[in-house]
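S.K.: Counting in full-length UniProt numbering, the sequence shown runs from 1 upward without gaps.
The beta-carbon is built from N, C-alpha and C at its ideal position, and this holds for glycine as well.
Structure provided below as structure tokens; questions to follow.
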Amino acid sequence: MATDKLHPLKPATWALQKHVSKFGPSSRWSNKDMDPVPPEERTWSTWDYCAYWISDATNAAVWQLASSMLAVGLSWRQALPAIALGSSMIAVVMVLNGTIGARLHIAFPILNRSSFGFWLSYFSVVSRVVLAMFWFGVQTYTGSECVYQMLKAIWPSVARIPNRLPESAHITTVGMMCYFLYWLIQFPLMFISPQNIRYFFTIKGIIVPFAWLAMLIWAFVKVPASRSLEPQHSSLSGSDLSWAWLSALNSSLGIYATLSVNIPDFTTNDPDRHHPVAFTLISFIGLSVTAAGEVLYGEVLWDPLHLIDRWDNRAAAFFASFSFILATLGTNISANSLSAANDMMVLLPRYINIRRGQVICAVIGGWVLCPWEILASAPGFLSFMSGYTVFLGPFAGIMVADYWIIHRCKVDVPAMYDPHGRYRYWNGINWRALAALIVSISPTLPGLINNINTSIPVGNARFLFNVAWLFGFFTALGVYTLLSLAFPALETFVERVILAEDFLAALAVKEDGSNSSQHEADAKYREKEKGEVVSTTESA
Numbered sequence: 001m002a003t004d005k006l007h008p009l010k011p012a013t014w015a016l017q018k019h020v021s022k023f024g025p026s027s028r029w030s031n032k033d034m035d036p037v038p039p040e041e042r043t044w045s046t047w048d049y050c051a052y053w054i055s056d057a058t059n060a061a062v063w064q065l066a067s068s069m070l071a072v073g074l075s076w077r078q079a080l081p082a083i084a085l086g087s088s089m090i091a092v093v094m095v096l097n098g099t100i101g102a103r104l105h106i107a108f109p110i111l112n113r114s115s116f117g118f119w120l121s122y123f124s125v126v127s128r129v130v131l132a133m134f135w136f137g138v139q140t141y142t143g144s145e146c147v148y149q150m151l152k153a154i155w156p157s158v159a160r161i162p163n164r165l166p167e168s169a170h171i172t173t174v175g176m177m178c179y180f181l182y183w184l185i186q187f188p189l190m191f192i193s194p195q196n197i198r199y200f201f202t203i204k205g206i207i208v209p210f211a212w213l214a215m216l217i218w219a220f221v222k223v224p225a226s227r228s229l230e231p232q233h234s235s236l237s238g239s240d241l242s243w244a245w246l247s248a249l250n251s252s253l254g255i256y257a258t259l260s261v262n263i264p265d266f267t268t269n270d271p272d273r274h275h276p277v278a279f280t281l282i283s284f285i286g287l288s289v290t291a292a293g294e295v296l297y298g299e300v301l302w303d304p305l306h307l308i309d310r311w312d313n314r315a316a317a318f319f320a321s322f323s324f325i326l327a328t329l330g331t332n333i334s335a336n337s338l339s340a341a342n343d344m345m346v347l348l349p350r351y352i353n354i355r356r357g358q359v360i361c362a363v364i365g366g367w368v369l370c371p372w373e374i375l376a377s378a379p380g381f382l383s384f385m386s387g388y389t390v391f392l393g394p395f396a397g398i399m400v401a402d403y404w405i406i407h408r409c410k411v412d413v414p415a416m417y418d419p420h421g422r423y424r425y426w427n428g429i430n431w432r433a434l435a436a437l438i439v440s441i442s443p444t445l446p447g448l449i450n451n452i453n454t455s456i457p458v459g460n461a462r463f464l465f466n467v468a469w470l471f472g473f474f475t476a477l478g479v480y481t482l483l484s485l486a487f488p489a490l491e492t493f494v495e496r497v498i499l500a501e502d503f504l505a506a507l508a509v510k511e512d513g514s515n516s517s518q519h520e521a522d523a524k525y526r527e528k529e530k531g532e533v534v535s536t537t538e539s540a
């Protein structure tokens with residue numbers, strides 16, 4: 001009987017230990033990792049957040065994005081303004097959505113229930129978990145290139161290991177070996193709790209910026225800026241140049257489009273408003289070093305690890321690659337692994353906690369999605385970056401509109417855990433959000449299809465795809481706002497914000513039989529409104 005109970009094919013075997021939540025009606029709707037972060041676990045200091053933002057800006061993908069713009073024909077003078085404008089715009093959205101998490105202390109999947117409805121929110125959660133897994137794989141592949149350069153710097157014979165894989169695989173035998181080694185290095189670090197991962201960000205935030213500044217100095221010593229950064233590198237003109245620039249702008253938005261919606265997963269204080277400056281500085285370093293590499297080696301090496309591969313100084317190659325390993329580890333764990341795990345917890349809270357979610361992400365994102373295919377070429381990387389902004393722009397727009405414009409920061413946190421609470425809307429779907437998604441996503445889908453398969457003609461629709469994030473964000477924000485003002489969901493409005501700790505305090509007072517007028521008012525107010533919502537839903 002004991003063996004039967006522990007049979008690995010039975011779902012009950014994998015069920016988590018039941019967690020009594022005062023927010024969700026049962027373990028089906030919440031677990032310990034999903035509940036609002038209690039005050040005693042809000043351990044990040046101001047310096048921790050500074051280190052996090054420095055760590056996030058020193059991201060290999062930012063370098064690759066800027067460098068790949070040179071590879072598709074833009075000059076540094078054309079690429080840098082697109083990056084600066086895009087990073088500034090996305091930073092505003094990150095501040096708005098990040099502040100929500102800082103005030104409410106809940107993660108993105110829970111927060112989205114207040115704007116999308118309890119069931120429609122799963123669409124945004126599933127969409128984002130897939131994107132986080134893709135990004136996890138992309139960053140893991142970048143880390144494997146770092147491992148290769150470090151091994152080659154120590155043992156040059158690594159470069160002579162024969163390749164047994166076909167060219168169509170887009171990865172070599174030694175590349176696959178390094179990918180597996182990096183995956184093994186990364187895997188145990190994923191089990192560090194979100195409260196303690198801040199120490200790693202501090203280490204990365206100190207080492208990586210200095211290493212990359214050293215690479216910038218190397219570039220200017222080898223090739224003077226007057227030669228490497230001259231404007232003759234642009235090979236585009238006319239409308240081709242205009243659309244390439246808009247595509248670059250959209251890609252610079254896309255690189256942090258995921259973080260712009262899941263930023264509540266990490267914030268307990270307001271995001272750093274200096275983030276666009278750091279982002280643009282890292283991009284400038286990438287552009288400068290890549291431009292110098294073009295002069296030295298005769299081709300645009302948009303991937304910095306390919307540039308390091310040309311270096312003769314083995315010690316420099318080792319330490320530069322080590323800095324990229326730190327950069328990739330920090331970004332992959334915080335922005336991708338933890339985000340995907342948070343999303344999967346909401347889908348199956350009875351079976352998936354933060355650690356199990358990270359393991360699933362490591363397997364699917366690291367191996368099933370074959371990230372080496374995404375990074376096979378510079379245009380392909382830009383296409384990937386632009387493609388998923390079709391969905392993330394509208395998600396971010398609806399979140400901003402609902403919290404800041406419609407509800408004016410007055411939301412009910414405990415109700416976000418109740419499938420029959422005030423945020424149920426119509427059968428769990430906020431039709432206003434659904435309409436905003438349809439209007440903002442549909443026009444860009446033909447361009448997305450053409451981006452995936454250029455043999456499918458879509459006419460001028462492909463041009464709208466070049467500004468997919470901008471179109472999606474502002475269209476969704478406008479449509480959602482207009483519909484919510486014209487047809488308000490009255491049951492979702494509260495007189496003042498109800499935080500998790502307020503509700504718990506009110507329950508504690510009620511259980512103790514206290515006569516505290518304020519807490520009694522809170523408890524009665526919430527019970528009354530919850531009853532009204534349930535009766536309204538049942539009658540509907």
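Between the beta-carbon of M133 and the beta-carbon of S251, is there less than 9 Å?
M.R.: What you label residue 133 is simply residue 133 of the sequence shown in a count that begins at 1. What you label residue 251 is simply residue 251 of the sequence shown in a count that begins at 1. No, the Cβ-Cβ distance between M133 and S251 is not below 9 Å.
S.K.: Given this structure, state the Cα-to-Cα distance separating P38 from M344, to the nearest angstrom.
M.R.: Locating residue 38 in the sequence shown gives position 38, counting from the first residue. Locating residue 344 in the sequence shown gives position 344, counting from the first residue. P38 and M344: Cα-Cα distance of roughly 21 Å.
S.K.: Taking only three categories from DSSP, how would you classify D412?
M.R.: On the sequence shown, residue 412 is found 412 positions in, with the first residue counted as 1. Looking at D412 - three-state DSSP - the assignment turns out to be strand.
S.K.: Whole angstroms is fine: what's the gap from P188's alpha carbon to N342's?
M.R.: Within the sequence shown, the letter at position 188 stands for residue 188. Within the sequence shown, the letter at position 342 stands for residue 342. So the two alpha carbons sit approximately 18 Å from each other.
S.K.: Leaving out five residues before and five after R103 in sequence, what residues of the same chain have Cβ atoms less than 6 Å from its Cβ?
M.R.: Taking the sequence shown and counting its residues from 1, one reaches residue 103 at position 103. Cβ neighbours of R103 beyond the five flanking positions: none.
S.K.: Is the separation between the beta-carbon of I392 and that of T475 shorter than 9 Å?
M.R.: Counted from its first residue, the sequence shown places residue 392 at position 392. Counted from its first residue, the sequence shown places residue 475 at position 475. Before going on, a small fix: residue 392 reads as Leu here, not Ile. No, the Cβ-Cβ distance between L392 and T475 is not below 9 Å.
S.K.: Have a look at D33, T140, W245, A153 and flag the residue whose alpha-carbon is nearest the alpha-carbon of P194.
M.R.: As a working note, residue 194 is residue 194 in the sequence shown. For P194, the nearest C-alpha among the options comes from D33.
S.K.: If you compare alpha carbons, which of I456, M416, Y480 is closest to I438?
M.R.: Indexing the sequence shown from 1 puts residue 438 at position 438. Of the listed residues, the one whose Cα sits closest to I438 is Y480.
S.K.: Distance, Cα to Cα, V289 vs D48?
M.R.: Along the sequence shown, read from residue 1 onward, the residue named residue 289 stands at position 289. Along the sequence shown, read from residue 1 onward, the residue named residue 48 stands at position 48. C-alpha separation (whole angstroms): 29 Å.
S.K.: Do R314 and I154 have their C-beta atoms within less than 9 Å of each other?
M.R.: Your numbering for residue 314 matches position 314 in the sequence shown. Your numbering for residue 154 matches position 154 in the sequence shown. It is a contact, given that the beta carbons lie within the stated cut-off.
S.K.: Taking the C-alpha atoms as reference points, what is the distance between W119 and G238?
M.R.: Residue mapping note: residue 119 aligns to position 119 of the sequence shown, counting from 1. Residue mapping note: residue 238 aligns to position 238 of the sequence shown, counting from 1. Near 47 Å, if we compare the C-alpha coordinates of G238 and W119.
S.K.: Do you know how far the Cα of S45 is from the Cα of S115?
M.R.: Here residue 115 corresponds to residue number 115 of the sequence shown, with the count starting at 1. Here residue 45 corresponds to residue number 45 of the sequence shown, with the count starting at 1. Rounded to whole angstroms, the gap between the alpha carbons of S115 and S45 is 30 Å.
S.K.: So what's W212 in DSSP terms, helix, strand or just coil?
M.R.: To locate residue 212, count along the sequence shown from 1; it is residue 212. In the structure shown, W212 sits in a helix (DSSP, three-state: H, G or I).
S.K.: With H, G and I counted as helix, E and B as strand and the rest as coil, what does DSSP make of E538?
M.R.: For the purposes of this step, residue 538 is identified with residue 538 of the sequence shown, where counting begins at 1. Note that E538 has pLDDT 40, beneath the 50 cutoff, so the model's placement of it is unreliable and no number is given.
S.K.: Does the beta-carbon of G459 have 16 or more other beta-carbons within 10 angstroms, so that it is buried, or is it exposed?
M.R.: Here residue 459 refers to the residue found at position 459 of the sequence shown. Answer is exposed; the Cβ neighbour count stays below 16.
S.K.: Since I456 and Y256 should fall inside the 8 Å C-beta cutoff, what is the C-beta to C-beta distance between them, to a whole number of angstroms?
M.R.: Position 456 of the sequence shown, counting from 1, holds the residue named residue 456. Position 256 of the sequence shown, counting from 1, holds the residue named residue 256. Rounded, the Cβ-Cβ distance is 29 Å, inconsistent with contact.
S.K.: Compute the distance between the beta-carbons of F136 and C361, then report whether it is under 9 Å.
M.R.: Residue 136 sits at position 136 when you count from the first residue of the sequence shown. Residue 361 sits at position 361 when you count from the first residue of the sequence shown. Their beta carbons are under 9 Å apart, which means F136 touches C361 by this criterion.
S.K.: Tell me the rounded alpha-carbon separation between E145 and I161.
M.R.: On the sequence shown, residue 145 is found 145 positions in, with the first residue counted as 1. On the sequence shown, residue 161 is found 161 positions in, with the first residue counted as 1. Approximately 15 Å, taken between the alpha carbons.
S.K.: Take the Cβ of V413 as the centre, count every other Cβ of all protein chains shown within 10 Å, and call the residue buried at 16 or more, exposed below.
M.R.: For the purposes of this step, residue 413 is taken as residue 413 along the sequence shown, with counting starting at 1. With 16 or more Cβ atoms within 10 Å of its Cβ, V413 is classed as buried.
S.K.: If you measure between the beta carbons of M150 and S321, is that distance less than 9 Å?
M.R.: Locating residue 150 in the sequence shown gives position 150, counting from the first residue. Locating residue 321 in the sequence shown gives position 321, counting from the first residue. Against a cut-off of 9 Å, the Cβ pair of S321 and M150 comes out as a contact.
S.K.: Relative to the C-alpha of P394, which residue among T328, N451, G478, A486 is closest?
M.R.: Walking along the sequence shown from the start, residue 394 turns up at place 394. Minimum Cα distance to P394 is reached at G478.
S.K.: According to DSSP, is I263 part of a helix, a strand, or is it coil?
M.R.: Within the sequence shown, the letter at position 263 stands for residue 263. Of the three classes helix, strand and coil, the one that applies to I263 here is helix, per DSSP.
S.K.: Based on Cα-Cα distance, which residue from A84, A340, N336, L307 lies nearest to F324?
M.R.: Here residue 324 corresponds to residue number 324 of the sequence shown, with the count starting at 1. Closest in C-alpha terms to F324, from the list A84, A340, N336, L307, comes L307.
S.K.: Quick one: Cα of F503 to Cα of G330, how far?
M.R.: Translated into the one-based positions of the sequence shown, residue 503 becomes position 503. Translated into the one-based positions of the sequence shown, residue 330 becomes position 330. Cα to Cα, the separation comes out at about 35 Å.
S.K.: Identify the continuous alpha helix (DSSP H) that holds F116 and give its terminal residues.
M.R.: The residue labelled residue 116 in the question sits at position 116 within the sequence shown. Per DSSP, F116 belongs to the alpha helix (DSSP H) from 113-116.
S.K.: Taking the C-alpha atoms as reference points, what is the distance between N97 and K410?
M.R.: Position 97 of the sequence shown, counting from 1, holds the residue named residue 97. Position 410 of the sequence shown, counting from 1, holds the residue named residue 410. Those two C-alpha atoms are separated by around 14 Å.
S.K.: With a threshold of 7 Å on Cβ separation, who are the neighbours of R355 within its own chain once the five nearest residues in sequence on each side are excluded?
M.R.: For the purposes of this step, residue 355 is taken as residue 355 along the sequence shown, with counting starting at 1. Answer for R355: F191, listed in chain order.
S.K.: Pairing CB atoms from the stretch 478-498 with CB atoms from the stretch 419-437, are three or more of them under 8 Å?
M.R.: yes
S.K.: Beta-carbon separation of I441 and V390 under 9 Å?
M.R.: Within the sequence shown, the letter at position 441 stands for residue 441. Within the sequence shown, the letter at position 390 stands for residue 390. Their beta carbons are under 9 Å apart, which means I441 touches V390 by this criterion.
S.K.: Assuming C361 is part of the alpha helix (DSSP H), what are its boundary residues?
M.R.: Mapped onto the sequence shown, residue 361 falls at position 361. Residues 354-363.
S.K.: Name the residue from L338, A71, V368 whose alpha carbon lies nearest to the alpha carbon of R128.
M.R.: Taking the sequence shown and counting its residues from 1, one reaches residue 128 at position 128. The candidate whose alpha carbon is nearest that of R128 is L338.
S.K.: Beta-carbon within less than 8 Å of L326's beta-carbon, same chain only, minus the 5 sequence neighbours each way: which residues are those?
M.R.: Your numbering for residue 326 matches position 326 in the sequence shown. Closer than 8 Å at the Cβ level, and outside the excluded window around L326, lie I203, K204, I207, V208.
S.K.: Would A219 pass as a contact of A292 if the rule is Cβ separation under 9 Å?
M.R.: Counting from 1 along the sequence shown, the entry for residue 219 is found at position 219. Counting from 1 along the sequence shown, the entry for residue 292 is found at position 292. Yes, the pair counts as a contact, with Cβ atoms nearer than the cut-off.
S.K.: What residues in its chain sit with their C-beta under 8 Å from that of N269, if we drop five residues either side in the sequence?
M.R.: Counting from one through the sequence shown, the residue named residue 269 turns up at place 269. With a pLDDT of 38 at N269, under the threshold of 50, the modelled position of that residue is not reliable, and no figure is offered here.
S.K.: Using a Cβ-Cβ cut-off of 8 Å (strictly less than) and excluding sequence neighbours within five positions of L445, which residues of its own chain qualify?
M.R.: Translated into the one-based positions of the sequence shown, residue 445 becomes position 445. Excluding residues within five positions, the ones whose Cβ falls inside 8 Å are V390.
S.K.: What span of residues does the alpha helix (DSSP H) with N427 cover, start to end?
M.R.: Locating residue 427 in the sequence shown gives position 427, counting from the first residue. Element bounds for N427: n/a, residue is neither H nor E.
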